[in-house]
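I have placed the structure first, in the form of structure tokens, so that the comments after it can refer back to it.
Numbering (this note's numbering), first residue to last: 10 to 168.
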């Protein structure tokens, strides 16, 4: 695929391409998932839902994902603080895997704290050039993306 560049404008490939399909295939091993920072691109969550997974998406602003994805407005940083208390991060995080796509380094630690608060697996992709800010096991996926596994208590992701 060629990238057309004109002045300051850069054309990016679609987010749900073969690399994201590989992420969805890997995460489909879980029955219940929560995508943190779902944004406007719902391809992975929708693919998981179409495979029979129960998917909740969270974001700091209201989003309108497809009906197959439950949405809860929440801030993962605030949820990480709640996870330290007795109440936990929130019921929408009580899943098998908490994950994020294109997760910036400042959210890696809160994401892991939320997952640890509910004893869930935790995985994420980065923005590309950003290294993980937490201890991870990198999984090079067949289609070129890297999925960083920060928690895998049941050994589902790391074979």
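Note that beta-carbon positions come from the ideal geometry of N, C-alpha and C, so glycine has one too.
- Note that the C-beta distance between residue 148 and residue 136 is not below 8 angstroms.
- Spatial neighbours of residue 81 in its own chain (CB-CB distance under 7 angstroms, excluding positions within 5 residues in sequence) are listed in chain order as 65, 67 and 101.
- In terms of Cβ geometry, residue 98 and residue 88 form a close pair [threshold 8 angstroms].
- Ranking 44, 150, 146 and 151 by CA distance to the CA of residue 162 puts 146 first.
- Taking a contact as a CB-CB distance under 8 angstroms, the pair residue 60 and residue 31 does not count as one, their CB atoms being some 14 angstroms apart.
- The beta-carbon separation of residue 142 and residue 114, rounded to 4 angstroms, stays under the 8 angstroms limit for a contact.
- Here residue 122 carries a helix assignment [DSSP, helix/strand/coil].
- Cβ neighbours of residue 75 within its own chain (closer than 7 angstroms, five residues either side excluded): 51 and 55.
- Residue 29 is not a Cβ neighbour of residue 104, given a cutoff of 8 angstroms.
- Here the C-alpha atom of residue 134 lies approximately 18 angstroms from the C-alpha atom of residue 168.
- Residue 112 holds the alpha-carbon nearest to the alpha-carbon of residue 86 among 106, 112, 33 and 73.
- Residue pairing by DSSP leaves residue 135 without any beta bridge partner.
- Residue 92 carries a helical assignment under DSSP once its states are collapsed to helix, strand and coil.
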